[in-house]
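Engineer:
Protein chains: 2
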Amino acid sequence: MASSLPKSPLAPAAFPTLLEIDGVKFATISAAVKYQNRPDVMLAKCIPGTSIAGTFTQSATRSAPVLDCQKKLGGSEQNGAAILVNAGNANAFTGQKGIEAVQAIVNATSDATQIPAGRVFTASTGVIGEPLPFDRITKKLTELNANLAPDKITEAATAIMTTDTYAKGAMAVCEVNGNKIKIAGIAKGSGMIAPNMATMLVYIFTDAQVAQKKLQNITTRLVNKTFNCITVDSDTSTSDTLLFAATGASGIDASESTVFESAVQSVMQDLAHQVVCDGEGATKFVEICVTGATDEASAKTHAMSIANSPLVKTAIAGEDPNWGRVVMAIGKSGAPADRDTLSIWFGDILVAENGWVSPSYEEDLAAKYMKSEHICIRVDIGMGSSNMTVWTCDLTHGYIEINADYRS
Amino acid sequence: MASSLPKSPLAPAAFPTLLEIDGVKFATISAAVKYQNRPDVMLAKCIPGTSIAGTFTQSATRSAPVLDCQKKLGGSEQNGAAILVNAGNANAFTGQKGIEAVQAIVNATSDATQIPAGRVFTASTGVIGEPLPFDRITKKLTELNANLAPDKITEAATAIMTTDTYAKGAMAVCEVNGNKIKIAGIAKGSGMIAPNMATMLVYIFTDAQVAQKKLQNITTRLVNKTFNCITVDSDTSTSDTLLFAATGASGIDASESTVFESAVQSVMQDLAHQVVCDGEGATKFVEICVTGATDEASAKTHAMSIANSPLVKTAIAGEDPNWGRVVMAIGKSGAPADRDTLSIWFGDILVAENGWVSPSYEEDLAAKYMKSEHICIRVDIGMGSSNMTVWTCDLTHGYIEINADYRS
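Chain order of the listed sequences is A and D.
To convert, note that position 278 of the first sequence is 284 in my numbering; the numbers rise steadily by one, no gaps.
To convert, note that position 341 of the second sequence is 347 in my numbering; the numbers rise steadily by one, no gaps.
(1) Residue 364 of chain A touches chain D at which residues, Cβ-Cβ below 7 angstroms?
(2) Excluding five sequence neighbours on each side, which residues of the same chain lie with their C-beta closer than 6 angstroms to the C-beta of residue 51 of chain A?
(3) Kindly say whether residue 308 of chain D, judged by its beta-carbon, lies nearer than 7 angstroms to any beta-carbon of chain A.
(4) On the three-pair Cβ rule with 8 angstroms, is the region 237-254 of chain A touching the region 208-215 of chain A?
(5) Would you report the Cα separation of residue 147 of chain D and residue 37 of chain D, rounded to the nearest angstrom?
(6) Measure from the C-beta of residue 377 of chain A to each C-beta in chain D and report whether the shortest distance is under 7 angstroms.
(7) Looking at residue 350 of chain D: is its Cβ nearer than 7 angstroms to the Cβ of residue 375 of chain D?
(8) With a Cβ-Cβ cutoff of 7 angstroms, do residue 67 of chain A and residue 337 of chain D count as a contact?
(9) Taking 7 angstroms as the cut-off, decide whether the C-beta atoms of residue 309 of chain D and residue 294 of chain D are in contact.
(10) So, helix, strand or coil for residue 39 of chain D, using DSSP?
(11) Go ahead and pull the three-state DSSP assignment for residue 398 of chain D.
(12) At a cut of 8 angstroms, does the region 262-272 of chain A reach the region 358-370 of chain A through at least three beta carbon pairs?
(13) Using Cβ-Cβ distances below 8 angstroms, what residues of the region 307-335 of chain D are close to chain A?
(14) Would residue 134 of chain D pass as an interface residue toward chain A - the criterion being a Cβ-Cβ separation below 7 angstroms?
(15) When we look at the beta-carbon of residue 16 of chain A and count the other beta-carbons within 10 Å, is it buried (16 or more) or exposed?
(16) Which residue's Cα is closest to the Cα of residue 47 of chain A: A:90, A:75, A:333, A:23?
(17) Please list the partners that residue 285 of chain A has in chain D, where partner means a Cβ-to-Cβ separation under 7 angstroms.
(18) Could you please give the first and the last residue of the uninterrupted beta strand (DSSP E) stretch that includes residue 24 of chain D?
(19) Do residue 107 of chain A and residue 69 of chain A have their C-beta atoms closer together than 7 angstroms?
(20) For residue 203 of chain A, which of helix, strand or coil comes out of DSSP?
(21) Taking its Cβ as the centre, do 16 or more other Cβ atoms sit within 10 Å of residue 384 of chain D, making it buried, or is it exposed?
(22) Take residue 204 of chain A and list the residues in its own chain whose beta-carbon comes closer than 7 angstroms to its own, dropping the five residues that flank it on each side.
(23) To which residues of the same chain is residue 75 of chain D closer than 8 angstroms at the C-beta, ignoring the five residues directly before and after it?
(24) For residue 197 of chain A and residue 315 of chain D, what's the separation of their Cα atoms in angstroms?
(25) Closer than 7 angstroms, CB to CB, is residue 409 of chain D near chain A or not?
(26) How long is the line joining the alpha carbons of residue 209 of chain A and residue 81 of chain A, rounded to whole angstroms?
(27) Which of the three DSSP states is assigned to residue 84 of chain D in this structure?
(28) How long is the line joining the alpha carbons of residue 157 of chain D and residue 84 of chain D, rounded to whole angstroms?
(29) Looking at chain C, is there any beta carbon in it that lies within less than 7 angstroms of the beta carbon of residue 140 of chain A?
(30) Between the region 71-101 of chain A and chain D, which residues of the former have CB atoms less than 9 angstroms from a CB of the latter, in chain order?
(31) Looking at the C-beta of residue 65 of chain D, does it have a partner C-beta in chain A at a distance below 7 angstroms?
(32) Within 7 angstroms of any Cβ in chain D, is that where the Cβ of residue 343 of chain A sits?
(33) Kindly list the residues whose CB is nearer than 6 angstroms to the CB of residue 109 of chain A, restricted to its own chain and excluding five residues on each side of it in sequence; keep chain order.
(34) Alpha carbon to alpha carbon, what distance is there between residue 122 of chain A and residue 34 of chain A?
(35) Do residue 86 of chain D and residue 58 of chain D count as a contact pair if the criterion is CB distance below 7 angstroms?
(36) In terms of alpha-carbon separation, which member of A:142, A:407, A:346, A:189 lies closest to residue 265 of chain A?
Written out as structure tokens, the structure is:
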């Protein structure tokens, strides 16, 4: 079971200190949806005026809660918002009963929080295809609501974990027109990670004031550079959800602030990297940087082909500077490439150029580099000027152990 | 190293008896290209009149021998043909020196066999990016040519192995207009298997008489149904080559024979399945059958998405009837699907229908079925009438062991 897994060797030393975000409170509770004796449900309640943006899985088999959330993004901000998440059961591929479960949870959350049902966003994460015992959640909602407090975001990060080996949080503070704006986010995810418009579950809060359409634009743009650029195993979840709530409690409009956008990007990138570092069985964090491609989409296709190749990922696990497998992954990607204009670096070591191994290449140095915990593979396609960076982890016995034995 | 791997548990009981094909002779020799003390080079020589068809990797980083072969397919049949293959070094991503190595081998083969250079087809399989010590091969060619004999196809199948744990051969005999036609084929491959127009190395011979264009049409059509429908690890080789030689020695024209085409398909399918059964670390042979898709391309996209999903493949390794992961793989594939019209079977067991687990489903029965060595997963998309079947294997610790430690 999830909680029995040892903590990833790539885990941060400690959970970061997340400052309180004015305008949002959190609560968690143990509802025993699947996991016993640990908090497995979290509630966040945002004040009236909060705008909510989101991105979701593009899976054709997306879950009932995802479909419900997608309908609600444009709702009225004057009513505030509530977010209710359970871990242990994804309520995905559960047919009509799944839709009914979402309705029951939304209504109970609305009753307890006095937020209209149209502004209650839910998510469920865990096993697919089993009916969600929603009554275990609904009967706890009054108590959950009574527990709301502004300083419980760390508990919220812990309550949404499934196969995660550590809780994930990130924080940024920036200045907009001389006023401090705070941004705090939490995430969960470690397997079934190849997000397509969002990843697993991510909740980000700010006290900035940002109109919903602006907030959605910022969210979509930044998700494409962060969460959509990570992969653990090329498998895409049925439940991926990212919500970004701007409470406006600071009274500062950050809609047009590039400083604000940059601060949000740092939070998203930090959380995305933490998801990769908790990749199932991961022992190495790997950055794949592709430059010189004909266009940005091709750069990403090449980068993801390398990042998802089992042969590249096992070579990294084995600390083998096997650049032939990198060549293979570029060749198979389908994006434009020319064998004879490729250059490949492992860290700062030029490995291959002009269609062959570099004359300066020394395998001993590359082998030593591969022992690092953070590996950077850079490929210049030599055909254009477009770039893309993506992040992944290695493929180890740990991945097989977790997924051949545990029904997640 | 390759040869030290234990034989796959899915290996056939024995190498099949391959009848001699009139018009072609084989020889093998130990040239120590990389492997010591085993035959690692094979030569096949076909009589004048032999037509040659082929399919090759679509990799943008394909090897020098592949590029050379592709140019030669349309050459004159009156000169016969020679095929020269070495194992241990792929001569891929070896720059100008790689091209020179192909030229040297082609010329030496031409000199020894008296077949014009334009009809000498070579292939190299093994490690990528290391210079091919071609002189070890060229200096053996006179001796190799002297050893040619019609009954050495089994030795040829063995000489081209790399990480294969067993040699692969298949045979069919059919009747065209009352005359017997023989077809025999050999293949190698066990990793970097997600062929795109061909797989690894495959050589098929027949004594039928088939004009080159007809032979190419048959080859392309059948490869799309057989070798292009297998995957071990989603990685596509830089060296994939399939050649089909029709010597015409029987004097029987089989160009328009559906019986002949069906016999060739059985040989190709048999070899393709043998490649999957030797998939690195494989303990289960898995057939994925998708029906009811909107079109054939969508059916294949869904089937390959399931066949390449690490989460599906590890569940099969763990003998877990985890159909939720099958739903996930369909959802992420990008091809049209509707969660609520999907049906899923494990063997004959109906697992899910109408967007949820089937009322008749008993997990105990499914769990028992998953203990089989041959697993069949069938998915009906419920949106159309197009079908596709693909074949793969499970993902086990064996795959990690082989690829995290061995530079292949």
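By construction, the Cβ of each residue, glycine as well, lies at the ideal position given by its N, Cα and C atoms.
Structural biologist: Reading off the structure:
(1) Counting from 1 along the first sequence, the entry for residue 364 of chain A is found at position 358. What residue 364 of chain A touches in chain D: nothing, since even the nearest Cβ is about 11 angstroms away.
(2) Residue numbering aside, residue 51 of chain A sits at position 45 when the first sequence is read from its first letter. Here the set comprises 31, 88, 119, 154.
(3) As a first step, residue 308 of chain D must be located in the second sequence, where it is residue number 302. Not an interface residue.
(4) Result yes; three or more Cβ-Cβ pairs closer than 8 angstroms.
(5) Position 141 of the second sequence, counted from the start, is the residue given in the question as residue 147 of chain D. Position 31 of the second sequence, counted from the start, is the residue given in the question as residue 37 of chain D. Rounded to whole angstroms, residue 147 of chain D to residue 37 of chain D spans 10 angstroms at the Cα level.
(6) On the first sequence, position 371 is the one that residue 377 of chain A refers to. Cβ-Cβ to chain D under 7 angstroms: no for residue 377 of chain A.
(7) Working through the second sequence from its first residue, we reach residue 350 of chain D at position 344. Working through the second sequence from its first residue, we reach residue 375 of chain D at position 369. It is not a contact, given that the beta carbons lie outside the stated cut-off.
(8) Residue numbering aside, residue 67 of chain A sits at position 61 when the first sequence is read from its first letter. Residue numbering aside, residue 337 of chain D sits at position 331 when the second sequence is read from its first letter. Yes.
(9) Here residue 309 of chain D refers to the residue found at position 303 of the second sequence. Here residue 294 of chain D refers to the residue found at position 288 of the second sequence. Contact flag set, yes.
(10) To locate residue 39 of chain D, count along the second sequence from 1; it is residue 33. The three-state reading of DSSP puts residue 39 of chain D in coil, since its state is none of H, G, I, E or B.
(11) Taking the first residue of the second sequence as position 1, residue 398 of chain D is located at position 392. The answer is strand: DSSP assigns residue 398 of chain D an E or B state.
(12) Segment contact: the region 262-272 of chain A against the region 358-370 of chain A, fewer than three CB-CB distances shorter than 8 angstroms; contact not assigned.
(13) Of all residues in the region 307-335 of chain D, only 314, 315, 316, 317, 320, 321, 323, 324, 326, 328, 329, 330, 331, 333, 334, 335 come within less than 8 angstroms of chain A when Cβ atoms are compared, listed by chain position.
(14) Mapped onto the second sequence, residue 134 of chain D falls at position 128. When Cβ-Cβ separations below 7 angstroms define contact, residue 134 of chain D makes contact with chain A.
(15) Reading the first sequence from its first residue, position 10 is the one you call residue 16 of chain A. Buried.
(16) On the first sequence, position 41 is the one that residue 47 of chain A refers to. The candidate whose alpha carbon is nearest that of residue 47 of chain A is A:90.
(17) Locating residue 285 of chain A in the first sequence gives position 279, counting from the first residue. None at all; the shortest Cβ gap to chain D is about 11 angstroms.
(18) In the second sequence, residue 24 of chain D corresponds to position 18, counting from 1. From DSSP, residue 24 of chain D is part of no beta strand (DSSP E); its letter is neither H nor E.
(19) Position 101 of the first sequence, counted from the first residue, corresponds to residue 107 of chain A. Position 63 of the first sequence, counted from the first residue, corresponds to residue 69 of chain A. The Cβ atoms of residue 107 of chain A and residue 69 of chain A lie no closer than 7 angstroms to each other.
(20) Walking along the first sequence from the start, residue 203 of chain A turns up at place 197. The pLDDT assigned to residue 203 of chain A is 41, lower than 50, so where the model puts this residue is not dependable; a value taken from the coordinates is nonetheless given after this. Coil at residue 203 of chain A, not helix or strand.
(21) Residue numbering aside, residue 384 of chain D sits at position 378 when the second sequence is read from its first letter. Buried is the call here.
(22) The count along the first sequence starts at 1 and reaches residue 204 of chain A at position 198. With a pLDDT of 45 at residue 204 of chain A, under the threshold of 50, the modelled position of that residue is not reliable, and the figure given next carries that caveat. Around residue 204 of chain A: 61, 62, 63, 229, 233, 246, 247, 248.
(23) On the second sequence, position 69 is the one that residue 75 of chain D refers to. Contacts found: 60, 62, 127, 128, 129, 247, 249.
(24) Walking along the first sequence from the start, residue 197 of chain A turns up at place 191. Walking along the second sequence from the start, residue 315 of chain D turns up at place 309. Roughly 12 angstroms separates the two Cα atoms.
(25) Within the second sequence, numbered from 1, the residue matching residue 409 of chain D stands at position 403. Chain A, which has a Cβ nearer than 7 angstroms to the Cβ of residue 409 of chain D, makes this yes.
(26) As a position in the first sequence, residue 209 of chain A is number 203, starting the count at 1. As a position in the first sequence, residue 81 of chain A is number 75, starting the count at 1. Cα to Cα, the separation comes out at about 18 angstroms.
(27) Within the second sequence, residue 84 of chain D is the residue found at index 78, counting from 1. Residue 84 of chain D: helix per DSSP, three-state reduction.
(28) By one-based count along the second sequence, residue 157 of chain D stands at place 151. By one-based count along the second sequence, residue 84 of chain D stands at place 78. Distance between the alpha carbons of residue 157 of chain D and residue 84 of chain D: 24 angstroms.
(29) Any reference to chain C falls outside this structure, whose protein chains are A and D.
(30) If the cut-off is 9 angstroms between Cβ atoms, the region 71-101 of chain A has 96, 98, 99, 100, 101 near chain D.
(31) Sequence index remark: in the second sequence, residue 65 of chain D carries index 59 (1-based). For residue 65 of chain D, the answer is yes, since a Cβ of chain A falls inside 7 angstroms of its Cβ.
(32) Counting from 1 along the first sequence, the entry for residue 343 of chain A is found at position 337. In terms of beta-carbon proximity, residue 343 of chain A lines the interface with chain D, with at least one pair separated by less than 7 angstroms.
(33) Taking the first residue of the first sequence as 1, we reach residue 109 of chain A at position 103. Here the set comprises nothing.
(34) The residue given as residue 34 of chain A occupies position 28 in the first sequence. The residue given as residue 122 of chain A occupies position 116 in the first sequence. Rounded to the nearest angstrom, the two C-alpha atoms are 21 angstroms apart.
(35) Sequence index remark: in the second sequence, residue 58 of chain D carries index 52 (1-based). Sequence index remark: in the second sequence, residue 86 of chain D carries index 80 (1-based). Result no, Cβ atoms of residue 58 of chain D and residue 86 of chain D do not sit closer than 7 angstroms.
(36) For the purposes of this step, residue 265 of chain A is taken as the residue at position 259 of the first sequence. Measuring from the Cα of residue 265 of chain A, the nearest candidate turns out to be A:189.
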